[in-house]
Amino acid sequence: MKCNNCGYYNKTNEHYCEKCGSPLDKNSYNNPVRKYKDVAKTPKDSSFSTTQKIIIAIAIVAVLMLVLSAVIPSDFQIPNMAGQDNNTVEEPITNDTQVEKLNTDIKVGSIANNGENIIVNAVVTDSNGYAVNSGTTSITVNDVKYSGQVKTGNVDVYLPETTIGTTVTIVYEGNDEYNPSQTTVQIEVEKINTEIETQIQDNALVIMLKTENNNPINDSVIKVTYPDGTQLEQQTDANGKTSINIEGYTEDTQIKLSYPGSSMYNPCEKTVNLHFNKTDTKLDAQYDQTKEAINIKLTDSANNPIPDAMLIITDNADDKQEKTNAEGTVEMPLTEKGQHNISIKYDGNDTYNSANTSITVIISDGNDTNTTNTTNTTDNNTNNTVNTSSNTVNTTVNDTNTTVNDTQNATTDNNTQILKDDVSYNDTGNNTTTDDTKINTNFETQINKENSSVKIELTTADHEKLYGQYVEIKLDNGTQIKQKTDENGTITLDVDPDSNVKQIELIYQGDEKYSSARNVIRY
114 MKCNNCGYYN KTNEHYCEKC GSPLDKNSYN NPVRKYKDVA KTPKDSSFST TQKIIIAIAI
174 VAVLMLVLSA VIPSDFQIPN MAGQDNNTVE EPITNDTQVE KLNTDIKVGS IANNGENIIV
234 NAVVTDSNGY AVNSGTTSIT VNDVKYSGQV KTGNVDVYLP ETTIGTTVTI VYEGNDEYNP
294 SQTTVQIEVE KINTEIETQI QDNALVIMLK TENNNPINDS VIKVTYPDGT QLEQQTDANG
354 KTSINIEGYT EDTQIKLSYP GSSMYNPCEK TVNLHFNKTD TKLDAQYDQT KEAINIKLTD
414 SANNPIPDAM LIITDNADDK QEKTNAEGTV EMPLTEKGQH NISIKYDGND TYNSANTSIT
474 VIISDGNDTN TTNTTNTTDN NTNNTVNTSS NTVNTTVNDT NTTVNDTQNA TTDNNTQILK
534 DDVSYNDTGN NTTTDDTKIN TNFETQINKE NSSVKIELTT ADHEKLYGQY VEIKLDNGTQ
594 IKQKTDENGT ITLDVDPDSN VKQIELIYQG DEKYSSARNV IRY
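Remember, our numbering sits 113 above the position in the sequence shown when you count from 1.
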């Protein structure tokens, strides 16, 4: 230890300097022994002070925050951080991109009247002129909304009759693809023409109000005016019908019927002359194989045609109505295979009595052959007698009888076609027509009783065989056959031995090149 007084380094740890005897201070900083030991024990401290550490930590945190702010979205939240509300509802991520809708244009296409509703047709297009294929179009009338769905640019909206004469707004309501549009229009429609028909049934005058297309007009008033000026009003039912009683009438009477019309229908009227000595009528129905149709004719008792008369035709329970033309006839096509039980009825009117008839036609197809069996019965109902004592109208039934023409040895009732005027009958063989502009034709036949068949050849006068031509074959048992000739101009007819056929009639109608021909053979 160094002595502070003399500077001697004492080698012992005595409290006094060995040289000068001065006391030694062991704790003195200047004590070389202590200083040496302290330096040897404690290495030099190179760490930062507390203040320096705080400053460095703050700087590091600031740098990290700058880096994180550039990488992490601004709305990113770390769950359960101090000061953060754990109940905060996360806002959904929305796409603010708006799809631009197409503008539309709506125009009125037409306004129609079907007798029950007003039909407003509208056409909707987009701004490019293309048809709009979706959405609703509506018209609101008195707080009631009538609407329809747009398809291929068109839409029909049905309105009540009360809207006639009013102005309405037609609105296309739009959707996710199209913007709405609208237009206004005044509802004006063309009225439907009407007519009145009458017929007498069971001492009553039946009145039918209908359109020109035969659609009944129900719940409408018809005014009836009698000769003495008396008037009454009759309401039509669901079938457009009403009736008035004519029992007790003994003299010809004129009754005026009138319909005033409505906002949808035109008015009409009819004057009915009630006759109590009406004209008898008769119906005739024949099947024409050439035309494949039923020919129906309505005439009076003097064979005068009755035009514009309504006939009720029933084919196997399928009803239809047809009016006779100027010649008093109706042609009804009939091509469907099978049996047709056809009844025809004429109800008569204030001038003519009623009549009815029936015909059965069987059409089969086998081996290029159409077979038709035809029967026909006719009842003509008359109503031309007045019983003044009881003031009732009686009905008489006239039966049409079958007549036989012995000269031609052929039946001329409703079952058999009447022979044409331009055909000359020949019992012994062929029958031809003479037309200088066409090639004459005839039949050549050969009967084979052993195999119950008839060979029929259709040829020209020069014996040229005609193939692919239809020939009508009529047996006297009522069977009618229509068959085409083969490549040799031949038809082979098989005859049932039990059919009791004695006579066969052959008819060729001809065409633009060949004349017609007819032949009747004894079998």
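Cβ coordinates follow ideal geometry from the N, Cα and C atoms, glycine included.
Whole-angstrom distance between residue j and residue i, CA atom to CA atom
| i | j | result |
| --- | --- | --- |
| Glu229 | Ser356 | 24 Å |
| Asn386 | Lys369 | 9 Å |
| Lys551 | Ile634 | 25 Å |
| Val270 | Leu215 | 23 Å |
| Val233 | Gln262 | 13 Å |
| Asn553 | Ser566 | 26 Å |
| Lys354 | Thr473 | 32 Å |
| Tyr636 | Ile313 | 51 Å |
| Gln616 | Lys383 | 54 Å |
| Thr491 | Gly278 | With a pLDDT of only 49 at Thr491, under 50, the local geometry of the prediction cannot be trusted, and no value is derived from it. |
| Leu350 | Val334 | Correcting the residue identity first, residue 350 is Asp in this sequence and not Leu. Each residue's alpha carbon lies about 10 Å from the other. |
| Cys116 | Asn123 | 7 Å |
| Val221 | Ala422 | 41 Å |
| Ala574 | Glu449 | 36 Å |
| Val584 | Leu396 | 28 Å |
| Ile476 | Tyr372 | 46 Å |
| Glu286 | Asp332 | 37 Å |
| Ile219 | Met377 | 26 Å |
| Thr558 | Ile586 | 12 Å |
| Leu318 | Tyr339 | 13 Å |
| Leu111 | Thr392 | In the structure as shown, the chain begins at 114 and stops at 636. Residue 111 is therefore absent and cannot be evaluated. |
| Ile569 | Glu563 | 16 Å |
| Asp548 | His576 | Caution applies to Asp548, whose pLDDT of 48 falls short of 50 and renders its modelled position unreliable; the model cannot decide the point. |
| Ser260 | Ala235 | 11 Å |
Coil, strand or helix - residue i by DSSP
| i | result |
| --- | --- |
| Pro418 | strand |
| Glu274 | helix |
| Ile594 | strand |
| Val66 | The chain is shown from 114 up to 636; residue 66 falls before or after that span and cannot be answered. |
| Ile531 | No answer about Ile531 holds up, because its pLDDT of 27 lies below 50 and its placement is not dependable. |
| Ser471 | strand |
| Thr464 | coil |
| Ala244 | strand |
| Lys166 | helix |
| Ser182 | helix |
| Asp540 | Model confidence at Asp540 stands at a pLDDT of 33, short of 50, so the residue's coordinates are unreliable; what they give is reported in the following sentence. In the structure shown, Asp540 sits in coil (DSSP, three-state: anything other than H, G, I, E or B). |
| Pro610 | helix |
| Val176 | helix |
| Ile330 | coil |
| Ile617 | strand |
| Ile283 | strand |
| Gly623 | coil |
| Ile171 | helix |
| Glu346 | strand |
| Met321 | strand |
| Thr550 | coil |
| Asn227 | coil |
| Lys654 | This structure gives no information on residue 654, because the portion of the chain shown stretches from 114 to 636. |
| Ser356 | strand |
| Asp289 | coil |
Residue span of the beta strand (DSSP E) that contains residue i, given as start and end
| i | result |
| --- | --- |
| Glu310 | 307-314 |
| Glu585 | 583-588 |
| Ile300 | Neither: Ile300 is in no beta strand (DSSP E) and is coded neither H nor E. |
| Glu557 | 554-561 |
| Val337 | 334-338 |
| Ser456 | 451-459 |
| Ser135 | Taken as a continuous stretch (DSSP letters only), Ser135 belongs to no beta strand (DSSP E), as it is neither H nor E. |
| Ala689 | In this structure the chain extends from 114 to 636, so residue 689 is not present and cannot be described. |
| Asn632 | 630-635 |
| Cys381 | 381-387 |
| Tyr580 | Unbroken run through Tyr580: none, as it is neither H nor E. |
| Ser566 | 566-573 |
| Lys258 | 257-262 |
| Asp397 | 394-401 |
| Lys436 | 431-436 |
| Lys410 | 406-413 |
Nearest-angstrom beta carbon gap, residue j and residue i [assumed within contact, 8 Å]
| i | j | result |
| --- | --- | --- |
| Ile359 | Asn316 | 6 Å |
| Gly602 | Leu619 | Not quite, the Cβ-Cβ distance comes to about 13 Å (not below 8 Å), so this is no contact. |
| Gln344 | Lys336 | 6 Å |
| Val254 | Val245 | Rounded, the Cβ-Cβ distance is 23 Å, inconsistent with contact. |
| Thr403 | Gln622 | 5 Å |
| Ala225 | Val284 | With 8 Å as the limit, Ala225 and Val284 do not qualify as a contact, their Cβ atoms being about 20 Å apart. |
- Evaluate the contact criterion for the region 303-322 versus the region 271-287: three or more CB pairs, one atom per stretch, below 8 Å. The region 303-322 makes no contact with the region 271-287: fewer than 3 CB pairs, one atom from each, lie closer than 8 Å.
- Sufficient close CB pairs (3 or more, under 8 Å) joining the region 402-420 to the region 432-451: Judged by Cβ distances under 8 Å, the region 402-420 makes contact with the region 432-451, as three or more pairs qualify.
- Message: Assess contact between the region 286-296 and the region 326-339, defined as three or more Cβ pairs (one per stretch) separated by less than 8 Å. Is contact present?
- Response: no
- Item | Three-pair Cβ contact test at 8 Å for the region 419-429 versus the region 452-468 | Short answer: they touch.
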